[in-house]
Amino acid sequence: MYGGKSMTETPPPLPQPYRVAVRALCEFTAKTGDLDLRFTPSPTAQEGIAGHALVASRRSATYQKEVPLSGSYRNLTVHGRADGFDPQQQRLEEFKTYRGDLQRQPSNHRALHWAQLKIYGWLLCQQLKLDGIELALVYLDIGSQKETVFEQRCQAAELQLFFEQQCEQFLSWAQQEMAHRHARDEALQVLVFPYQGFRAGQRQLAEATYRAACSGGCLMLQAPTGIGKTIGTLFPLLKAMPGQALDRVFFLTAKTPGRALALGALQTLERGGLRQNLRILEMVARDKACEHPDKACHGESCPLAQGFYDRLSAARDEAVKNGWMDQNSIRTVARNHQICPYYLSQELARWSDVVVADYNYYFDVSALLFSLTQSSQWQVAILVDEAHNLIERGRKMYSATLDQADFQNVRKTASAAVKRSLDQLNRTWNKLSQAQPDVYQAYDQLPEPFLTALQKTVSKIGDDLAEHPEGLSGDLQRFYFDALHFMRMAEMYDAHSLFDVSKQPVYRGSLRNHASLCLRNIQPGAFLSERFAVSHSSILFSATLTPQKFYQDLLGLPDKVRWLEIDSPFDASQLTVHLVDQISTRYQHRAASQQPIVDILARQFYWQPGNYLMFCSSFDYLQQIDTLLQQCHPDIPRWSQTRRMDEAERQTFIDRFAAGGQGIGFAVLGGAFGEGIDLPGQRLIGAFIATLGLPQLNPVNEQIKRRLDELFDRRGYDYAYLYPGIQKVIQAAGRVIRTPQDRGVVYLIDDRFATNQVKKLLPSWWHIQQGRIK
């Protein structure tokens with residue numbers, strides 16, 4: 001039985017051709033046994049490409065590389081590219097790169113590779129009208145560059161039978177998928193907006209999103225907080241799916257609250273008739289989904305990895321029939337079938353209509369959703385929630401750091417087999433550090449001797465881990481993957497990034513310097529542009545996407561990107577904005593600023609008791625003002641954000657803002673409470689912002705400014721300091737007015753807010769009252 005159907009039953013014909021890639025077909029039909037990530041830490045993408053090129057270069061002049069193949073069975077079209085074909089020997093090859101002992105390869109890995117090659121074999125026999133063909137699995141050891149070849153001579157008839165068996169196995173699922181797609185599109189065509197009407201400005205938002213989905217390309221939407229951007233963009237994009245033949249919609253967000261808002265909006269839309277017709281998947285990080293964090297991902301360690309692929313079919317069937325696949329639902333299905341919930345969600349990404357996930361699932365170096373979009377040739381639309389966050393998040397994705405202090409722990413615990421390489425790397429590291437006279441220095445070129453030593457060390461660790469997979473744990477594991485990422489970023493290093501070295505003194509018997517090496521991405525758009533190009537349409541929305549050129553440059557958006565600012569639905573009378581220009585919050589003036597700021601907090605609170613947020617530039621500054629407020633006005637309730645709060649602590653902080661409550665919550669501007677939280681009505685009636693939000697003036701930020709000057713026509717200061725700072729201010733102020741009924745007050749406390757350069761960046765609907773606060 002497969003998916004509730006007998007393999008001998010003939011499924012009804014598909015209403016139209018269903019396309020599936022060879023790899024996707026085989027991963028569906030031919031994967032069995034355990035989930036097992038032990039065999040080999042995979043070669044890097046660059047090593048894999050180089051390995052394929054090396055094998056192909058060893059072949060004859062008539063050898064054909066990357067052979068496109070396609071064939072049909074009933075209404076199922078199977079397509080893909082075979083690695084190589086030798087027409088003289090009539091030999092078709094599939095290349096695989098690996099590390100370590102090939103004998104340790106799990107049998108289900110080899111079986112999957114043979115299945116793919118046999119499918120390619122039949123497609124080629126059919127295309128060239130061959131009676132038979134020689135098939136060869138070619139495994140290239142990345143370390144030794146030696147090939148191990150497994151050969152098999154197959155007749156076309158047996159390959160045809162194998163091909164048809166795989167297609168038969170998949171046809172029932174394909175039939176179900178086509179029926180689901182038809183029902184989904186019919187339901188979306190009659191979908192109605194779940195409320196009686198749109199909020200002011202929300203219809204304009206929805207119409208712009210729909211037009212962008214229909215015409216394709218990129219759209220930047222700046223819309224005020226509280227307008228209902230989440231449902232206002234999801235609804236029109238879903239409506240556009242049938243007409244534009246969209247396969248998937250990805251709702252991508254920077255933070256957990258954004259994911260929760262998207263799921264809430266989708267639940268609201270489902271009540272309008274989409275239940276069971278729309279598959280909605282929430283993807284979360286591995287550490288949040290893992291049921292056994294103390295165990296490794298293989299059948300001998302984790303019970304949920306044992307027999308994973310044998311139980312996957314039934315779990316997948318149950319999940320997609322439910323339709324609603326948030327974190328809790330997936331966990332329930334996974335427990336029912338005793339398989340890993342994290343890897344179940346990875347599989348379900350192939351069969352979902354809407355995926356709600358973090359940015360990294362589409363934009364990161366090895367992003368799953370981006371990879372599936374390319375390999376499956378999906379037509380996708382992406383919604384980028386709070387898109388102003390993508391600059392900083394993108395920079396982190398494409399940056400890499402190696403810290404020598406952490407590296408010392410690796411050296412202490414490493415096996416004898418790799419310790420020599422680690423010691424050599426440490427000596428090279430020390431030379432790099434000793435040659436640098438200053439604590440911090442940026443370089444125009446990468447240190448080739450260090451990269452060479454790092455490459456050798458990583459190869460040695462990889463070989464050792466392939467021989468002893470149980471050794472992949474703790475400090476060694478972290479260093480290994482950090483080093484792999486560092487080398488990958490080094491391969492792509494260019495003007496979009498910066499290489500710098502920071503030295504820190506360490507006292508261990510005597511004074512030593514440990515050097516931290518950073519490949520620091522400055523312009524993530526150099527990498528993100530490809531992600532936007534692959535999607536049919538990309539809608540980026542936020543309350544702060546001004547100036548347009550700043551976001552367009554740093555995110556790598558195309559020249560023809562459309563930009564639209566939605567008029568605010570709020571009236572200036574709803575928000576009183578006081579500009580306090582008698583106070584400087586610059587670092588050198590902070591001691592003198594504290595008492596005047598406390599006086600403003602107390603005066604406003606006593607005049608209009610309620611819940612307020614006080615935003616400061618740092619935790620130290622926050623603590624100083626908080627302490628002084630307690631000393632001067634102990635009757636005013638206060639609560640403060642602290643460093644490294646977990647989700648429960650953050651929720652406790654937010655819960656203090658109860659309707660009818662009173663007090664002042666202290667938070668750091670740009671932190672967890674500066675955006676993405678919703679405190680409507682009396683839950684929040686005001687905010688004090690005692691900083692311009694500018695990034696700290698330090699050597700790193702000055703180097704970022706210098707590089708941005710070079711990239712963007714001397715706009716370094718604006719791009720590195722001013723625009724990111726004001727964006728945080730506007731986001732923080734946006735916590736106050738969330739609905740058309742809200743009323744509130746915002747205090748902008750710093751004399752720099754009074755400059756024309758800053759004032760023109762503030763929302764146009766604000767009516768700013770400037771002058772001395774009495």
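Here the UniProt record's numbering is used: the first residue of the sequence shown is 1, the next is one more, and so on. Glycine included, C-beta positions come from ideal geometry on N, C-alpha and C. Note that the structure is predicted; figures quoted are calculated from it, not measured.
If you look at E168, you'll find it in the alpha helix (DSSP H) that goes 156-189.
M614 carries a strand assignment under DSSP once its states are collapsed to helix, strand and coil.
Going by C-alpha positions, P224 is about 19 angstroms away from V758. Excluding the 5 residues flanking it on each side, L711 has same chain C-beta neighbours closer than 7 angstroms at A495, Q523, in chain order. Spanning the alpha carbons of R59 and V561 requires a straight line of approximately 45 angstroms.
If you check the CB distance, G132 and A111 do not come in under 9 angstroms. Per DSSP, the continuous beta strand (DSSP E) segment holding Y98 begins and ends at 91-98. Here G258 is actually not in contact with E392; their C-beta atoms are around 15 angstroms apart, not less than 8 angstroms. Q244 and F250 have their C-alpha atoms spaced approximately 15 angstroms apart.
If you look at R248, you'll find it in the beta strand (DSSP E) that goes 248-253. A483 is classed as buried because its beta carbon has at least 16 other beta carbons within 10 Å across all chains shown.
Where C302 is concerned, there is no enclosing alpha helix (DSSP H), because DSSP gives it neither an H nor an E.
Straight through space, the alpha carbons of A240 and A208 are spaced by roughly 12 angstroms. In this structure G686 is in contact with V746, their Cβ atoms being roughly 7 angstroms apart against a cut-off of 8 angstroms.
The C-beta distance from L234 to A187 rounds to 15 angstroms, too long to meet the 8 angstroms contact threshold.
Cβ-Cβ distances below 6 angstroms link L123 to L69, G71 in the same chain, with the five nearest sequence neighbours on each side left out; the list follows chain order. Restricting attention to Q727, F370, H578, N521, the CA atom closest to the CA of K705 is found in N521. In this chain, the alpha helix (DSSP H) harbouring Q595 covers 590-607.
By the neighbour-count definition (other C-beta atoms within 10 Å, threshold 16), L519 is a buried residue. Bridge pairing for Y73: L76 [DSSP]. Take the alpha-carbon of H292 and the one of Q202: they are about 44 angstroms apart.
In this structure G299 is not in contact with A543, their Cβ atoms being roughly 48 angstroms apart against a cut-off of 8 angstroms.
Bridge partners of N513 according to DSSP: P505.
For D358, the pairing in a beta bridge is given by DSSP as T253. When C-beta atoms of the segment 682-701 are compared with those of the segment 485-494, fewer than three pairs fall below 8 angstroms, so the two segments do not count as touching. If you draw a straight line from the Cα of V577 to the Cα of L613, it comes to about 14 angstroms.
When S618, I636, L708, A658 are compared, the shortest CA-CA separation from A667 is found for S618. Note on Y98: 16 or more other CB atoms within 10 angstroms of its CB, so buried under the neighbour-count rule. Secondary structure of F753 (DSSP, three-state): helix.
Counting the other CB atoms within 10 Å of its CB gives H589 a total below 16, which places it among the exposed residues. C-alpha of Q176 to C-alpha of L135: approximately 33 angstroms in a straight line. Beyond the five residues adjoining it in sequence on each side, I677 comes within less than 7 angstroms, by CB distance, of P257, I654, R735 in the same chain, given in chain order.
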